[in-house]
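Report on one structure; see the data block that follows.
2 protein chains.
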Amino acid sequence: MAAAAPPPPPSPAPSAISEDLLPTSHNLFSRIRLAKIADVPHIHKLIHQMAVFERLTHLFSATESSLSSTLFPPNPPQPFTSFTVFLLEVSRTPFVSIDQINPSFDPVYKTVMIDVPINDPEAELFKSGAGGGGNDIVVAGFVLFFPNYSTFLAKPGFYIEDIFVRECYRRKGFGKMLLSAVAAQAAKMGYGRVEWVVLDWNVNAIKFYEEMGAEVMKEWRVCRLTGEALQTFANVNI
Amino acid sequence: MAAAAPPPPPSPAPSAISEDLLPTSHNLFSRIRLAKIADVPHIHKLIHQMAVFERLTHLFSATESSLSSTLFPPNPPQPFTSFTVFLLEVSRTPFVSIDQINPSFDPVYKTVMIDVPINDPEAELFKSGAGGGGNDIVVAGFVLFFPNYSTFLAKPGFYIEDIFVRECYRRKGFGKMLLSAVAAQAAKMGYGRVEWVVLDWNVNAIKFYEEMGAEVMKEWRVCRLTGEALQTFANVNI
C-alpha cells in the first residue's frame with residue numbers, strides 16, 4: 001500500500017501574465033482512510049445517492065442505526081476480516097499530517113490537478129469531521145468490501161459490494177484510486193482474488209475494469225434468495 | 239433450523255409376499271453438521287472432485303495444509319462470521335444420538351428412501367470419523383459459505399461459494415438439503431439474502447434454483463482481478 005505523506009503543493013503559476021489569460025490549474029487533495037462509526041451519517045447518505053443513481057430507491061431500507069450496528073458492531077472483528085469501508089475524502093488545502101488514524105491501514109494520499117475548481121453543492125452536507133487532518137475536508141466517495149474465499153486456491157480474497165464517487169468528483173481517477181486501494185490491500189495480505197459485479201450494459205465500466213486487468217466472467221449468473229422466499233426457510237423442516 | 243432427532247426407521251414392508259417380488263425400499267440416513275479441522279482431508283478430496291467435474295483442475299492448487307490454515311485458523315472467529323463449511327454425511331444405519339457436536343449449530347437429520355442400496359466405490363476413502371455418531375458414516379458432500387453484505391438492506395447475508403454432492407449420492411435431494419440448511423441459518427439469523435452464482439448454460443440448475451424461490455439476475459456479470467494482474471497492485475503507487 002502506498003502510504004505517501006501528502007505531497008507539497010506545486011509552485012504557483014508564473015504571475016507575469018494576467019491570471020485571466022492563463023489556463024490555471026488547481027490542486028485537489030485526496031485521501032483514502034478506513035471509515036469509523038462517526039462516518040456513518042456520511043456513508044448512509046452516499047449509499048442513498050447510489051440507490052438514486054441506480055434507480056433502486058425502492059430497495060433502499062438502510063438507516064444510520066442499522067448501518068452502525070452491522071458495520072461497526074460492539075467488539076469489532078479485526079480490520080479486513082469482515083465488512084470494511086474505505087472512505088474517500090477531498091480537500092482544497094493539503095491534509096495536515098496527523099497521528100495514525102487506524103494502525104491497520106496507512107491512509108493513501110493523492111493530489112489531483114484540475115483545471116477548474118470543483119463546485120460541490122453538497123460540500124457542507126458532506127463536511128468530514130471524523131478523520132482529522134484539516135478543516136476543509138469533504139467526503140467524496142466510498143468502497144465497501146469484505147472477505148470472500150476460493151476453495152480452488154484455498155485462499156481468501158475480497159469482494160467489493162459497492163464503489164461510489166459523488167457526481168461532482170467523477171472522471172478524476174477516484175474510482176480507480178478506490179479500486180486500487182482494495183486491490184493493493186488484497187495483494188499485500190497475500191489474497192488470491194478481488195471480485196465484484198457489473199451490469200452487462202455498462203460498457204464504459206466494463207472497459208475500465210478490463211483496462212485495470214480484471215476479467216469479466218461472461219458465463220456466470222448471480223442467483224439471489226431474498227425476502228419472503230428466504231423467510232420460508234426459517235422454520236422449514238429440511 | 240430443524241434440529242430433529244434422527245427419525246426411527248419405518249416399519250418393515252409386509253412380509254406376506256416374497257421379498258424378491260416386492261419393490262423393497264431402503265433407508266439412507268443423512269446428517270448435516272458444521273465441519274471441523276479433522277474433516278479437512280475429506281473437504282480437500284471433495285473440492286478436488288468438484289474441480290474434476292468442472293474440468294478446472296488447472297485452477298486447483300488447494301492443499302490440506304492451506305485449507306486447514308485458512309478455514310480453521312488459530313483463534314477461530316465465531317461460527318458463521320467467516321468461512322463456514324457444512325458437511326453432508328450419510329449412513330446405512332441410523333445416527334447414534336450423541337452429545338452436541340457444535341453448540342452453534344444443531345445438526346440436521348433426514349432419512350431418504352431409496353429403491354436400491356447405493357454402491358459407493360469410495361466409501362472407505364470418505365469414511366467419516368470426525369463427527370461421531372456411528373461407525374458406518376461416509377462423507378457425501380459439502381457446502382462452503384460466508385457472510386456478505388447488502389448496503390441497501392444494511393444487513394449481512396450469506397454467499398455460497400461451493401455446493402457439492404458426490405456422484406453416487408446425486409438426485410436424492412441432498413443438494414436441496416444443503417442449500418436449505420444455509421437458507422434456514424440465514425433466515426434464523428435475520429440475514430437479508432443468500433446469493434451464489436450458476437453457469438448460464440446449466441439450465442437444470444437454474445430451474446432447480448428458481449423452484450426454490452431464487453431469482454437469477456440476468457444483467458449482472460462477475461468481474462475478477464487475480465493472478466499477476468492483482469499482484470501488480472501490491473506495490474503500486476496509487
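Residue numbers (my numbering), protein chains in the order written: chain A, 1 to 238; chain B, 239 to 476. C-beta atoms are modelled at their ideal positions from N, C-alpha and C, and glycine is treated no differently. Quantities reported herein were computed from a predicted structural model and do not represent experimental measurements.
Under the 9 Å criterion on CB atoms, residue 394 of chain B is classed as interfacial with respect to chain A.
Under DSSP, the beta-bridge partners assigned to residue 461 of chain B are A:196 and A:216.
Look at residue 438 of chain B: its C-beta is under 9 Å from a C-beta on chain A. The three-state reading of DSSP puts residue 67 of chain A in helix, counting H, G and I together.
About 27 Å separates the beta carbons of residue 434 of chain B and residue 375 of chain B, which is beyond the 8 Å limit, so they are not a contact pair.
Per DSSP, the beta-bridge partners of residue 386 of chain B are B:395. Chain-ordered, the chain A residues with CB closer than 7 Å to the CB of residue 426 of chain B read 234. Under the DSSP definition of a beta bridge, residue 109 of chain A partners with A:31. Straight through space, the alpha carbons of residue 64 of chain A and residue 41 of chain A are spaced by roughly 6 Å.
Nearest neighbour of residue 188 of chain A by Cα position, chosen from A:102, A:157, A:124 and A:173, turns out to be A:157. The region 176–184 of chain A makes contact with the region 140–147 of chain A, as at least three CB pairs between them are under 8 Å. Taking 8 Å as the upper bound for CB-CB distance, residue 165 of chain A and residue 174 of chain A are in contact here, some 5 Å apart. The beta carbon of residue 194 of chain A sits closer than 7 Å to those of 157, 158, 160, 182, 183 and 186, all from its chain and outside the five residues before and after it, given in chain order.
Excluding residues up to 5 positions away in sequence, 406 lie with their Cβ nearer than 6 Å to the Cβ of residue 356 of chain B in the same chain.
The residue from A:214, A:231 and A:36 with its alpha-carbon nearest to that of residue 471 of chain B is A:214.
Secondary structure of residue 115 of chain A (DSSP, three-state): coil. Bounds of the alpha helix (DSSP H) holding residue 290 of chain B are 278–291.
Pairing residue 190 of chain A with residue 150 of chain A gives a Cβ-Cβ distance that is not under 9 Å. When DSSP states are grouped into helix, strand and coil, residue 176 of chain A belongs to the helix group.
Proximity to residue 92 of chain A across A:113, A:78, A:74 and A:107 peaks at A:113, based on C-alpha coordinates. In this chain, residue 334 of chain B is not harboured by any beta strand (DSSP E), its DSSP state being neither H nor E. Three or more Cβ pairs closer than 8 Å define a contact, and the region 38–57 of chain A meets that threshold against the region 65–72 of chain A. In the displayed model, residue 57 of chain A falls within a helix according to three-state DSSP. Closer than 9 Å to the CB of residue 460 of chain B there is at least one CB belonging to chain A. Per DSSP, residue 89 of chain A lies in no alpha helix (DSSP H); the unbroken beta strand (DSSP E) holding it starts and ends at 84–91.
The Cβ of residue 320 of chain B sits closer than 9 Å to at least one Cβ of chain A.
Counting along the chain, no alpha helix (DSSP H) covers residue 275 of chain B, and no H or E run does either. Here residue 188 of chain A is not bridged, per DSSP, to any residue. Contact between residue 319 of chain B and residue 77 of chain A holds, with the beta-carbon distance rounding to 7 Å and staying under 8 Å. For chain A, the residues of the region 261–288 of chain B that bring a beta carbon within less than 7 Å of one of its beta carbons are 285, in chain order. For residue 142 of chain A, DSSP records a beta bridge to A:87 and A:164. Minimum Cα-Cα distance from residue 89 of chain A among the listed residues A:220, A:134 and A:139 corresponds to A:139. Between residue 451 of chain B and chain A, the shortest Cβ-Cβ separation is below 9 Å.
In this structure residue 263 of chain B is in contact with residue 353 of chain B, their Cβ atoms being roughly 6 Å apart against a cut-off of 8 Å.
Per DSSP, residue 80 of chain A lies in no alpha helix (DSSP H) segment and is marked neither H nor E.
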